[in-house]
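Reading through the C-alpha cells given below for one structure.
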Amino acid sequence: MALGFLRSINRRISHHRLATTLLLLPFVGFNGIHPDPPIAPSKEPSGRSAAAAETLAHRIGKAVRMPGVASKARVFAEVNVTRPKEYWDYESVTVQWGDQDDYEVVRKVGRGKYSEVFEGVHCTDNQPCIIKILKPVKKKKIKREIKILQNLCGGPNIVKLLDIVRDQQSKTPSLALEYSHSQGIMHRDVKPHNVMIDHEQRKLRLIDWGLAEFYHPGKEYNVRVASRYFKGPELLVDLQDYDYSLDLWSLGCMFAGMIFRKEPFFYGHDNHDQLVKIAKVLGTEELNAYLNKYRLELDPQLAALVGRHGRKPWSRFINADNQHVAVPEAVDFLDKLLRYDHQERLTAKEAMAHPYFSSVRNAESSRN
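When we follow this note's numbering, the leftmost residue of the sequence shown carries the number 1348, and every step to the right adds one.
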C-alpha cells in the first residue's frame, strides 16, 4: 500500500485522539504470529450466574499486606542498583526522531491493548520491517519501552528497534528472558501473541516490550500487567513487590497450553475467577501457605469465591491426544514453573538448564 494509506491511518488515529508513535522493528517471518490466537472452547457463565459473578467482583476488595516478610528477586536483584542512573532512568531519555516518510505500510498483522502492528517497508532500501503504532499512553510509558529496547539491543532472541518516528501534524510520539532479566528488566507480558517465529532461521523473537519495567528490589509495581490467562498469582493477590519470576509463570502457562493441548490452560472469565481456576489445579492449601509466607490476607469474599480445593496431579491432564508431548521431562519442567511462590519457580537460566532441553543443548554443541 502507498504511504498515503499510512497517512490516512495516522489522520484517522489522530481524529480519535490516539498517539501515533511508530516503533520500527525488523521483519522476520511474521507468519508465526496469529493476530487473534485461537482460544479453546470453554463454558462461560451465562445469564444470572454471570451477572452475580460481576456484582461480586465489584464488591471484592484488595488483599491486605501485613508488615513482615518482603519479597526480593533470587537473581539479578542488584542490576539496576549497581548500574548508573542513566541506564534505568527512562524519563530522562531524549528521543531521536526519524522521518515518517521513510516508511510505507503494507498490511496490518496484529493488535494489542496499547498498539496496532503493521508490516511495512523502508522506502530507500526496500527492507521489510514491522511498524508498531502506539495508542494513547503517558509519554513516560513510551520512553520506557524505547529505553528498554535500546538497552536490550543485540541480545539473543530480542527484537531490534530500528527507528522511532511520529506524525508531525499531531506532534505525538507515533530464550530472551534470561538476557532481559540479566539486564534488570522484567517483560511483564509474556504470552503466545508476543512470540514471533522466524521460520527460515528457526528462531523466535520476544516482542512487545510496552509493559516491560526495570526491576528494583523492594519497589512496589502495578499489578495490572500481563494478559489475564498468563497473570501470575502474585498479581491476582495484589503482591506488588514481584520480580522477574512473573515472566516464568507466564512461560509456564504457555507451556502448559502447548503440552496439554489446552489453550489457554487457566481460563478465567475475570481476574478473580482466574485465581479460582489456578486454585482448582494447584490447590488452596498451597495458596494459603503462599499467602501466609508473604503475610497477605485476601478479601473475605474473594476467599469465599476461591473455596477449598485439593491439588490435582499433572497426570490428570494427560490423555491420548497429548501424551506424545506431555512426556515426564516436560511435566517436570512445567511443575517447576507453575508454583504459587515466585521464589520457588525456576529462573530463566535454570529453565534453560532443565533436562527437557538437553536435546536442544546437544544439538547446539554439535553445531559449534
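Glycine included, each C-beta is placed from N, C-alpha and C at the ideal position. Computed from a prediction, not measured in an experiment: that's the story for all the values here.
* Can at least three beta-carbon pairs, one atom from the segment 1548 to 1562 and one from the segment 1500 to 1512, be found at a separation below 8 Å? -> yes
* Asked: Can you find a C-beta in chain B that's less than 7 Å from the C-beta of N1498?
  -> No chain B is present in this structure, which holds just one protein chain.
* Asked: For the segment 1443 to 1455 against the segment 1590 to 1607, are there 3 or more C-beta pairs whose distance is under 8 Å?
  -> Fewer than three beta-carbon pairs drawn from the segment 1443 to 1455 and the segment 1590 to 1607 are found closer than 8 Å, and the two stretches are therefore not classed as touching.
* 7 Å CB neighbourhood of K1485 in its chain, flanking five on each side removed -> So the list is empty, once near-sequence residues are dropped.
* Would you mind stating whether V1584 and A1626 have Cβ atoms separated by less than 7 Å? => Taking C-beta atoms as the reference points, V1584 and A1626 fail to come closer than 7 Å.
* **Close Cβ partners of V1720 (< 8 Å) along its chain, the five nearest in sequence each way excluded** => This structure cannot speak to residue 1720, because the chain is shown only from 1348 to 1715.
* **Segment contact, 8 Å Cβ cut-off, at least three pairs: the segment 1666 to 1676 with the segment 1612 to 1630** => Inter-segment contact for the segment 1666 to 1676 and the segment 1612 to 1630 is absent: fewer than three beta-carbon pairs are separated by less than 8 Å.
* Asked: Applying the criterion that 16 or more other CB atoms from any shown protein chain within 10 Å of the CB defines a buried residue, is E1451 buried or exposed?
  -> buried
* Go ahead and label G1467 buried or exposed: buried means 16 or more other beta carbons lie within 10 angstroms of its beta carbon, across all protein chains shown. => buried
* Asked: If you run the structure through DSSP and keep just helix, strand and coil, what is I1495?
  -> helix
* Considering Y1589, what are the terminal residues of the beta strand (DSSP E) in which it resides? -> The continuous stretches of beta strand (DSSP E) do not include Y1589, and DSSP gives it neither H nor E.
* Would K1494 be called buried (16 or more neighbouring beta carbons within 10 Å of its own) or exposed? -> buried
* Asked: Does the separation of the CB atoms of G1424 and P1564 fall below 7 Å?
  -> Just to set this straight, residue 1424 is Ala in the shown sequence, not Gly. A contact, by the Cβ cut-off of 7 Å.
* Express the C-alpha separation of I1480 and G1376 in angstroms, rounding to a whole number. => Bear in mind that a pLDDT of 47 at G1376, under 50, signals an unreliable position, so the number given afterwards is only what the model happens to contain. Take the alpha-carbon of G1376 and the one of I1480: they are about 19 Å apart.
* Asked: Can M1533 and Y1562 be called in contact, C-beta distance under 7 Å?
  -> yes
* To do: Note down, one range per segment and in chain order, each alpha helix (DSSP H) of at least 4 residues found wholly within the segment 1559 to 1615.
  => Positions of the alpha helix (DSSP H) runs, each at least 4 residues long and wholly inside the segment 1559 to 1615, are given as 1580 to 1583, 1592 to 1607 in order along the chain.
* Cβ atoms of Y1568 and R1491: under 7 Å apart, would you say? -> no
* To do: State yes or no: is the C-beta of H1619 within less than 7 Å of the C-beta of L1582?
  => no
* Asked: Is S1521 buried or exposed, if buried means 16 or more other CB atoms sit within 10 Å of its CB?
  -> Reliability fails at S1521, whose pLDDT of 44 lies under 50, so the model's placement of it is uncertain and the value that follows must be treated cautiously. Buried, since its Cβ has 16 or more Cβ neighbours within 10 Å.
* Asked: Is the CB-CB distance between Y1687 and Y1637 below 7 Å?
  -> Their beta carbons are under 7 Å apart, which means Y1687 touches Y1637 by this criterion.
* Euclidean distance between Cα positions of G1531 and N1427 -> 6 Å
* Using CA coordinates, which residue listed in H1701, F1664, S1527, E1691 is at the minimum distance from F1680? -> H1701
* To do: Just tell me which of R1608, S1527, V1623, N1473 has its CA closest to the CA of L1496.
  => S1527
* To do: Could you tell me which residues DSSP puts in a beta bridge with V1468?
  => E1451, P1475
* To do: With a 10 Å radius around its C-beta and 16 neighbouring C-beta atoms as the bar for buried, classify M1413 as buried or exposed.
  => exposed
* **Cβ-Cβ distance between R1575 and D1668 below 7 Å** => no
* Evaluate P1660 with the Cβ neighbour count: other Cβ atoms within 10 Å of its Cβ, from every protein chain shown; 16 or more gives buried, anything less gives exposed. => exposed
* Asked: For the alpha helix (DSSP H) that contains V1512, what are its first and last residues?
  -> Per DSSP, V1512 belongs to no alpha helix (DSSP H); it is in the beta strand (DSSP E), 1510 to 1513.
* Own chain residues within Cβ distance below 8 Å of L1684, not counting five before or after -> Sequence-distant partners of L1684 (beyond 5 residues in either direction) whose C-beta falls short of 8 Å from its own C-beta, in its chain, are L1595, W1596, L1598, G1599, F1602, R1692, L1693, A1698.
* Do L1629 and R1658 have their CB atoms nearer than 7 Å? -> For L1629 and R1658, yes; Cβs fall inside 7 Å.
* Could you please give me the residues that DSSP links to R1552 through a beta bridge? => Per DSSP, M1543.
* State the Cα-Cα distance for the pair L1306 and N1709, rounded to the nearest angstrom. => For the chain, the structure presents residues 1348 to 1715; residue 1306 sits outside this window and is missing.
* Are the beta-carbon atoms of A1410 and L1645 separated by less than 7 Å? -> yes
* **Neighbourhood of V1570 by C-beta, 7 Å cutoff - its chain only, sequence neighbours within 5 removed** => L1582, D1585, Q1587
* To do: From the DSSP output, in three-state form, read off V1442 for me.
  => coil
* To do: Check whether the Cβ atoms of I1511 and V1442 lie closer than 7 Å to each other.
  => yes
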